[in-house]
Amino acid sequence: MDRPGPQRAGLGERDYALPAGQGGMKLFQYEKPVHERTVDGVRIQVIDRGGQRELRFGNHITQSARSLTSPDVLVLDYTRAMMAGLLFVPKPGEVLHFGLGGGTLPAYLHRFLPEVHQWVVELNPGVVEVAYRYFDLPVSPRLQVVTQDGADFLRVDKRHYALVFMDAYHANGAVPHMNTGTVYRMVRDRLEPGGWLVVNAWGSDREMLAEVREALLENFAVLHSLSVRADSNVIFLAGPQPRQPTVSQLKRRVTWLSAQFPLDFAVLLERLRPAGRAVHRVPAPGSPED
């Protein structure tokens with residue numbers, strides 16, 4: 009989910025602050041409705057705006073966006089920022105996502121990492137339908153979608169993952185029970201040695217941001233953050249083992265990743281910041297590979 013912030017520039021962004029019209033959010037002349045359906049109480053909308061297609065949940069907030077002319081490009085800033093997880097795990101074998109949206113991030117990894125296997129956990133079956141039908145989510149044995157509550161999935165899942173992406177949102181913000189110490193501990197236990205968790209949080213919600221940060225610090229040995237925009241998304245990157253890649257390793261990874269993806273990983277590395285001193289310490293069973 010990408011929350012519009014005051015620094016965000018784009019066609020008609022200021023219009024998004026207008027009250028919703030009768031029967032739902034007001035659309036503008038440059039917006040074309042493509043699909044609308046209410047599933048399990050969620051109003052799922054697909055809207056074409058300029059050269060991109062957006063997923064919304066009945067309000068002004070863009071849940072996902074895909075370029076209609078350059079489908080291999082990540083449109084939203086926060087999705088590009090979440091790719092910083094690859095700096096710590098550049099060649100993940102198994103990847104887990106919580107929250108599907110339009111499926112742009114798993115589709116991106118599927119396209120550029122042909123060896124990766126991914127599982128995506130999404131609660132709403134209407135969102136799953138839209139991702140396949142309108143956002144071209146690949147149908148592949150390397151990309152499995154599970155329609156289930158994320159916490160329930162973690163309680164029964166036995167696999168281990170190199171990367172876990174937490175991006176579980178509803179119409180008005182992050183799903184609260186998916187951003188708690190209990191869930192983060194379950195995720196930590198599902199990480200393979202050298203694995204990392206990547207969390208998309210809202211920077212404009214200072215109270216929730218602080219709660220997410222503290223819960224991560226209590227359960228992970230290392231925590232970094234990457235601010236997407238002022239008063240907008242903040243990406244947390246959490247590792248359960250204290251040992252981290254060296255500067256020389258990170259530079260080599262930037263070079264390799266930038267050759268694999270149409271994305272500037274050097275910029276992501278420059279924007280990474282320590283997010284505080286971790287309280288929790290886990291014995292290191294392994295270390296990240298180059």
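According to our numbering, the residues represented by the sequence shown are 9 to 298, in order. Ideal placement from N, C-alpha and C gives every residue a C-beta, glycine not left out.
- Residue 242 carries a strand assignment under DSSP once its states are collapsed to helix, strand and coil.
- As the crow flies, the alpha-carbon of residue 93 is around 13 Å from that of residue 252.
- One alpha carbon belongs to residue 264, the other to residue 45, and they sit about 42 Å apart.
- Under a 10 Å Cβ-count criterion, residue 220 is classified as buried, with 16 or more other Cβ atoms of the shown protein chains found around its own Cβ.
- The straight-line gap separating the alpha-carbon atoms of residue 102 and residue 145 is approximately 18 Å.
- Here residue 113 has 87 as same chain residues with Cβ atoms under 6 Å from its own Cβ, once five neighbours each way along the sequence are excluded.
- Contact annotation: residue 127 and residue 95 have beta-carbon atoms that are not nearer than 8 Å.
- Along the length of the stretch 110-174, whole alpha helix (DSSP H) runs at least 4 residues long occupy 112-120, 133-142, 158-164, reported in chain order.
- Residue 84 holds the alpha-carbon nearest to the alpha-carbon of residue 240 among 283, 84, 56.
- Taking all protein chains in view, the Cβ of residue 249 is crowded by 16 or more other Cβ atoms within 10 Å, so the residue is classified as buried.
- In this structure, DSSP gives residue 85 a helical state, which the three-state scheme calls helix.
- Judged by DSSP secondary structure, residue 46 falls within the beta strand (DSSP E) whose first and last residues are 39-47.
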